[in-house]
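**Q** The structure under discussion is supplied below as structure tokens; questions concerning it will follow.
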Amino acid sequence: MKYTNNNIINTIKLNKYNMLLNCSCNMLLNSSWNMFLNRSYNSTIINEFWDQFYRDIEENSLYKLDRERYNEKVIQLLNEYKKDNKLSNNTIDPSDNELQKLQMRVEDLTNKFDECSIFNETPNLIKLLIGKNLKSAKLYLKIYIPQDIYNSTIVLFGEYTLEAIIIYVLGLLFHSIHESSVVRVSTLLEMLDRTVRTQANIINKNKMVSSTETSSRVDSSKEGDIKHKKGTKFEIGRRLLEFMIERQVIHIESISAVDKKAVVKDKGKGYLESNLFAVCNFDLSILPLKLNLPMVCKPLDWEHPTDNEFYWDFEIRKPFVLSDMRGGYLSCPTLDIYNRVGLLSSHNLSNFNIELDDYKYKEMCSILNELQKQGFQINKKVLEFIKKNRPTLEKVGLLMPGILARLNLKEAFDLLRTSYYQNKAINGACSLGSLLNELAIMAQKARYEDFIIRLVSAYEDYVFYLPAFMDFRGRIYRSGILHFHERDLAKSLIVFANNHQEEEGSNQSAKDIVASAAAFKYKKFYLYDEALQWYKENQSLIYASDESLISFAKDASDPFQFIAKALCNDDGVQEYRRIIPITQDAAASAYQIMSYLLLNEEMAKRTNLIPHPDGKIQDVYAYLLQDLKAFMHHRINDKLKMEIIESKLDRKLIKRLFMPLIYGKTLISMEKDISLTYGQLLSRKDSYNLAKLSNEFWIHKYPDIVNLMKMITIISWFCSAKDRAVVYNIPYFSTKQDYMSFVKEEIIVYERSTKKRRRVTLSVPTMKRDRRKTQSSTCANFIHQKDAYIAMKVVESLVSQRAAIYTVHDNFITTPPFVKVVPDIYTKVFINMGPPL
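Number 513 in full-length UniProt numbering belongs to position 513 of the sequence shown; there are no gaps in the numbering.
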């Protein structure tokens, strides 16, 4: 073969390219391996640091085992009632009247704001705020806030009302449900200010709510007749915060999970992201419990106060709005918690509300009332298992170390700083801020787990109920912390109360359903038969011992629910198979609704709205992954880049990119997700280009969905531009959505002891409509409203069959006898909705 000069040159170039490609791939592999080794090494150092830190906590006695908890008063009340009323068969059978009296006592302790009870229940906290030679908070504010604000607000209160409000707010913000044991300073300041002003409004208008008199809901977005000058919007909250710092009730910490190098750019200016948190200087367990707990009697039916009023034909009746509905808890609490137990969860009622259909709203109320009448009980098998095996569960990481539950966080932070600076290895592995943040989260998780176990123990033997409420889209939620909207631990400890619906000859069927459900809590399957087969193959190991079950659970996607299903499917506890909750999740319900609206058969099949011929459970994100890879191979010619992209491109990333697109996810947000996944493998520019390419794929693959989203966006923008609220409806009600712009206001909080000035940024609402927020949110809210309607119709059908039912948005939870009918009901609801557009 004869070579020309061009042949030789091209051959050299090709060999050089292949050599560079191999070198680049090797560099990529070496870089990835080195990154893996570095992460592994750092992980070992961090784990060893925490192990030593736990030992230091014990040596320094930063926690107390015998410390009294004020939030245990409710738990003590429930336990004492059981003890005094227990029957010979270890059950309780009180009358409805007795349960209502008990429920009122629970609500008085948890929901109600009462100065006397707070003073009596929290003497140690009161001592921090009130003393012989110390100014009261009222006198303190008289000195430091403008006279007009004092005369219009603070003068209305008693001598020590503000101290009671401070403790009340601390109980609301520093409870065990939140992710962290610390609270942003801006959140605490705003809550203090809003709570004081709301209480002043109630006093001013003589509309204090009591258990015997109800009034219309307080709109927390309005401040009635109370006016304030510019720059004094949060003056009450700011001065009360400084008062708390001076009394050493709290202190301010600068906590960051990232290095300080992370700079946010805003219009060409660089600044460090705010990370100021309020940390309580006392043991959090002594705070009063201010949470909506499960009810020990049936909730009051939701009804409109004007239902029984008479109107002449010529009279114009005021439209029914959801926020005026009454029901749920027996009492009507005051202050901020007043709004949290109404049927509508919105604080800003003038901007987010629901107008009810005059003829259909009673049908909707009937669905809600039947839903909240469903009783629940504690899963004793799981509770006993956790108590018996708690040390093992802590050892394998399924529960946090118990010593963190009663940790004094201020002392622990001081110890952590000392340990950090004395350990050179940990200095190179992570930042102090990330460790402080991690400690706050771990301590809070330990507090949550400890509280849930104690609360569940208190509710054992009771049948309890969960009042329903809705957001402005109509999605149904439940009050309290012991329900299926909660975390894995809480879900595993609940079963349906026995509804006495036995089906002859269905024991084996129920057993197989529970077995399949257990398998799905372990990992994902595409066929129910595969899930059942996996469970049967591993059954002997699962039931070999408690340790063996825990060993399986630590690798499960939902560890405690896996344990619950396994324990309740044992042949020795057949009664649990009738009441164990089984969850059925609508696959990508937003895209199911889109497929219905657009009659997109392909999307309907990929989201299981139309069953697939092979009987397998379809995964829309697996399809998107496959199609995106094919699209990228066609568009990206750089083989090396494609290899890098495919190395991290998995279903998890695809779901993070495409699931929120329908909810207004932006290119910038997509780029952040990609950067987080790929790290140093892709530059920021490459990450943005990959996000852009993913968006182009979405437009190319599903133009009908994109166009419908654009249409909804344009209509919502037009409404906002015309200075009108956006209104969209379903047969039961119309949703009013009116987003307003916020402006940033900087507040300077002064710490007199350290002479530090802390800059706190708060968002202040304006009267200007926010077109950008309206555009980005309306499509998601529109879909959520449709989703809520579908859920209500499914509940209506199941309730008519006397089925036990609970909904978590597009998840339907029922008992084994009704599991097979739920998919058919769900599909029929879509069919009965008729032509889509």
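Here a beta-carbon is modelled for each residue, glycine too, at the ideal position from N, C-alpha and C.
What residues are listed by DSSP as bridge partners for C430?
**A** Residue mapping note: residue 430 aligns to position 430 of the sequence shown, counting from 1. C430 is not bridged to any residue.
**Q** Based on the DSSP secondary-structure assignment, which residues constitute the bridge partners of Q199?
**A** By one-based count along the sequence shown, residue 199 stands at place 199. Paired residue(s): none; Q199 is not in a bridge.
**Q** Mind checking whether F496 and A791 have CB atoms under 8 Å apart?
**A** Here residue 496 is taken as the residue at index 496 of the sequence shown, counted from 1. Here residue 791 is taken as the residue at index 791 of the sequence shown, counted from 1. The answer is no: Cβ separation not under 8 Å.
**Q** Based on Cα-Cα distance, which residue from T161, E107 and L102 lies nearest to C116?
**A** Here residue 116 is taken as the residue at index 116 of the sequence shown, counted from 1. Residue T161 is the option with its Cα nearest to C116.
**Q** Relative to the alpha-carbon of F472, which residue among T122, I813, V727 and Y826 has its alpha-carbon at the smallest distance?
**A** For this step, residue 472 is matched to residue 472 along the sequence shown. For F472, the nearest C-alpha among the options comes from V727.
**Q** In angstroms, rounded to a whole number, what distance separates the CA positions of E223 and T713?
**A** Within the sequence shown, numbered from 1, the residue matching residue 223 stands at position 223. Within the sequence shown, numbered from 1, the residue matching residue 713 stands at position 713. Bear in mind that the predicted position of E223 carries a pLDDT of just 47, short of 50, making it unreliable; the figure below should be weighed with that in mind. About 32 Å.
**Q** Just tell me which of E746, K205 and I645 has its CA closest to the CA of Q680.
**A** Here residue 680 refers to the residue found at position 680 when the sequence shown is read from its first residue. Minimum Cα distance to Q680 is reached at I645.
**Q** Report the residue ranges of all alpha helix (DSSP H) runs contained in full by the region 399-461; include only those spanning at least 4 residues, in chain order.
**A** Listed in chain order, they are 409-422, 424-429 and 432-459.
**Q** Would you mind sorting K424 into buried or exposed? The rule is 16 or more other CB atoms within 10 Å of its CB.
**A** As a first step, residue 424 must be located in the sequence shown, where it is residue number 424. It is exposed - the Cβ of K424 has fewer than 16 other Cβ atoms within 10 Å.
**Q** Quick check on DSSP: helix, strand or coil for H809?
**A** Taking the sequence shown and counting its residues from 1, one reaches residue 809 at position 809. Looking at H809 - three-state DSSP - the assignment turns out to be coil, as it is neither helix nor strand.
**Q** Is S95 near the ligand ZN, with its Cβ less than 7 Å from a heavy atom?
**A** As presented, the structure is devoid of all ligands, the ligand ZN included, so that no description of it is given.
**Q** Where do the ends of the beta strand (DSSP E) carrying Q377 lie?
**A** In the sequence shown, counting from the first residue as 1, residue 377 sits at position 377. Looking at the DSSP string, the run of the beta strand (DSSP E) that includes Q377 is F376 to I378.
**Q** Is L300 close to chain C? Criterion is C-beta to C-beta, closer than 8 Å.
**A** No chain C is present in this structure, which holds just one protein chain.
**Q** Would you give the residue range spanned by the beta strand (DSSP E) that residue 843 belongs to?
**A** Because the chain is modelled from 1 through 837, residue 843 falls outside the range shown and cannot be assessed.
**Q** Out of curiosity, what's the CA-to-CA distance linking D259 and S434?
**A** Taking the first residue of the sequence shown as 1, we reach residue 259 at position 259. Taking the first residue of the sequence shown as 1, we reach residue 434 at position 434. Low per-residue confidence applies at D259: pLDDT is 43, beneath 50, and the placement is therefore not dependable, though the value from the model is reported in the following sentence. One C-alpha to the other measures close to 8 Å.
**Q** Hey, would you say N600 sits closer than 8 Å to A515, going by beta carbons?
**A** On the sequence shown, residue 600 is found 600 positions in, with the first residue counted as 1. On the sequence shown, residue 515 is found 515 positions in, with the first residue counted as 1. No.
**Q** Identify whether M470 lies in helix, strand or coil by the three-state DSSP scheme.
**A** By one-based count along the sequence shown, residue 470 stands at place 470. In this structure, M470 counts as strand in the three-state DSSP scheme.
**Q** Mapping DSSP to helix, strand and coil, what is H251?
**A** Position 251 of the sequence shown, counted from the first residue, corresponds to residue 251. The answer is strand: DSSP assigns H251 an E or B state.
**Q** Would A510 pass as a contact of R577 if the rule is Cβ separation under 8 Å?
**A** Here the question's residue 510 lines up with position 510 in the sequence shown. Here the question's residue 577 lines up with position 577 in the sequence shown. Yes. Within cutoff.
**Q** With distance defined between alpha-carbon atoms, name the residue in T677, R184, H634 and Y144 nearest to K761.
**A** Taking the first residue of the sequence shown as 1, we reach residue 761 at position 761. Strictly speaking, residue 761 in this sequence is Thr, with Lys absent from that position. Closest by alpha carbon: R184.
**Q** Since F733 is in the alpha helix (DSSP H), which residue starts that stretch and which ends it?
**A** The residue you call residue 733 lines up with position 733 of the sequence shown. Here F733 belongs to no alpha helix (DSSP H); instead the beta strand (DSSP E) covers F733 to Q737.
**Q** So, helix, strand or coil for D673, using DSSP?
**A** In the sequence shown, the residue the question calls residue 673 occupies position 673. If DSSP states are grouped into helix, strand and coil, D673 belongs with the helices.
**Q** So, using beta-carbon positions, are I593 and K828 closer together than 8 Å?
**A** Locating residue 593 in the sequence shown gives position 593, counting from the first residue. Locating residue 828 in the sequence shown gives position 828, counting from the first residue. In this structure, K828 does not lie closer than 8 Å to I593 by Cβ.
**Q** With which residues is Y728 paired in a DSSP beta bridge?
**A** The count along the sequence shown starts at 1 and reaches residue 728 at position 728. Paired residue(s): T735.
**Q** Helix or strand or just coil, what does DSSP make of F496?
**A** Position 496 of the sequence shown holds residue 496. Note: F496 maps to strand in three-state DSSP.
**Q** How long is the line joining the alpha carbons of residue 847 and G375, rounded to whole angstroms?
**A** It is not possible to answer for residue 847, since the shown part of the chain is limited to 1 through 837.
**Q** Going by CA-CA distance only, name the one from L78, T807 and E121 that's closest to L466.
**A** Taking the sequence shown and counting its residues from 1, one reaches residue 466 at position 466. With respect to the C-alpha of L466, the residue from L78, T807 and E121 having the closest C-alpha is T807.
**Q** According to the Cβ coordinates, are K639 and N353 closer than 8 Å?
**A** Indexing the sequence shown from 1 puts residue 639 at position 639. Indexing the sequence shown from 1 puts residue 353 at position 353. No, the Cβ-Cβ distance between K639 and N353 is not below 8 Å.
**Q** Considering just the uninterrupted stretch of the alpha helix (DSSP H) at T306, what are its terminal residues?
**A** Here residue 306 refers to the residue found at position 306 when the sequence shown is read from its first residue. Element bounds for T306: n/a, residue is neither H nor E.
**Q** Cβ atoms of L189 and L173: under 8 Å apart, would you say?
**A** Against the sequence shown, residue 173 aligns to sequence position 173. Against the sequence shown, residue 189 aligns to sequence position 189. Result no, Cβ atoms of L173 and L189 do not sit closer than 8 Å.
**Q** With a CB to CB cut of under 6 Å and the five nearest residues on each side skipped, what residues in its chain are close to R606?
**A** Numbered from its first residue, the sequence shown carries residue 606 at position 606. Same-chain partners within the cutoff: Q618, V620 and Y623.
**Q** In the structure shown, what three-state DSSP assignment does H784 receive?
**A** Against the sequence shown, residue 784 aligns to sequence position 784. H784: helix per DSSP, three-state reduction.
**Q** Any idea which residues DSSP pairs E355 with across the strands?
**A** For the purposes of this step, residue 355 is taken as the residue at position 355 of the sequence shown. Its beta-bridge partners are V321 and S734.
**Q** How should D450 be labelled, buried or exposed, when 16 other C-beta atoms within 10 angstroms of its C-beta is the threshold for buried?
**A** For the purposes of this step, residue 450 is taken as residue 450 along the sequence shown, with counting starting at 1. Buried, since its Cβ has 16 or more Cβ neighbours within 10 Å.
**Q** With DSSP collapsed to three states, give me the class of Q618.
**A** Numbered from 1 along the sequence shown, position 618 holds the residue referred to as residue 618. In this structure, Q618 counts as coil in the three-state DSSP scheme.
**Q** Can you tell me whether DSSP reads S211 as helix, strand or coil?
**A** On the sequence shown, position 211 is the one that residue 211 refers to. Here the model assigns S211 a pLDDT of 38, short of 50, so the residue's position is not dependable, and the following value carries that caveat. Reduced to three states, the DSSP call for S211 is coil.
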